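S.K.:
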Amino acid sequence: VTESAAFGVLGSLIIARAQGVLDRHSFWSSVMGATRTTVMIMLILSGAAFMSAAMGYTKIPAAIAESVAALKLSPYVLIAVLTLFYIVLGMFLDGISMIVLTMAIVLPLVQKAGFDLVWFGIFVVLVVEMAQVTPPVGFNLFVLQTMSGRDSWAVAYAALPFCILLVVAVIIITIFPNIALFLPRLFFPA
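166 is the number that my numbering gives to position 154 of the sequence shown; each next residue is one higher, with no gaps.
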């Protein structure tokens, strides 16, 4: 990914220079804008890392997952509870931290419920992304708010259709798991 991004930037610079729209001022302005955006994202990620470490230290995600295991829920109720669980966690943690902190407890629950692990991986990716764009406090919304310069409600309102589409996608793959498993089964038969 990094190499592709570097080639993309190089290609953009070459094209802009060839078209005559790249001068010293516009180049410097672009570099400064990219630097500001990178610093902003890194500050948000460092805050999320601190929050993730605090959550890991207090063992709150593990305690919640263990309490769900004690309820002995039916498989589809378990999926609904996990969806809500990840959406709530998405208000406080970034996606990777949510997965790392909870997977050791959640994965055995899912295996006992009889869900395909490849399906569950696809499900988790969709739910974690849904949690990251769920208004009003999804992690990605803060990044978009800072980058766009708009207020948080405008960004949340703009993200709402995407959140609804992710909810629909989660419902569809839960009802029809073969939609998510078609390609993995095609390329990796059992």
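Built from N, CA and C at the ideal position, the CB exists for glycine as well.
Please read these numbers as outputs of a predicted model, since none were measured by experiment.
#1: Please state whether the Cβ-Cβ distance between Leu172 and Met142 is less than 7 Å.
#2: Using only CA atoms, which one of Val182, Gly161, Ile183 lies nearest to Thr49?
#3: Would you identify the three-state DSSP class for Tyr197, choosing helix, strand or coil?
#4: Please state if the CB of Ala192 and the CB of Ile211 are separated by a distance shorter than 7 Å.
#5: Distance check for Pro147 and Ile185, CA to CA, integer angstroms please.
#6: Determine the direct distance from the alpha carbon of Val136 to that of Trp7, and round the result to whole angstroms.
#7: Residue range of the alpha helix (DSSP H) that Leu138 falls in?
#8: Using DSSP with H/G/I as helix, E/B as strand and the rest coil, what is Arg29?
#9: For the alpha helix (DSSP H) holding Phe188, just list the boundary residues, first then last.
#10: Just to confirm, is the Cβ distance from Gly68 to Leu113 under 7 Å?
#11: Where Arg197 and Tyr98 are concerned, what is the direct C-alpha to C-alpha distance, given to the nearest angstrom?
#12: If contacts are defined as beta-carbon pairs under 8 Å, then Val118 and Ala65 qualify, I think. What distance do you get, rounded to the angstrom?
#13: State the CB to CB distance for the pair Gly107 and Val140, rounded to an integer number of angstroms; the pair is presumed to be in contact (CB under 8 Å).
#14: Which residue marks the beginning of the alpha helix (DSSP H) containing Arg48, and which one marks its end?
#15: Secondary structure at Pro147, three-state DSSP: helix, strand or coil?
M.R.: In brief:
#1: no
#2: Gly161
#3: Contrary to the premise, residue 197 reads as Arg rather than Tyr in this sequence. Correct three-state label for Arg197: helix.
#4: Residue 211 lies beyond the stretch modelled for the chain, which goes from 13 to 202, so this question has no answer here.
#5: 23 Å
#6: A query on residue 7 cannot be resolved here, the shown segment of the chain reaching from 13 to 202 and no further.
#7: 129 to 144
#8: helix
#9: Premise fails: Phe188 is in no alpha helix (DSSP H) and is neither H nor E.
#10: yes
#11: 27 Å
#12: Not really, about 20 Å apart at Cβ, beyond 8 Å.
#13: 4 Å
#14: 36 to 70
#15: coil
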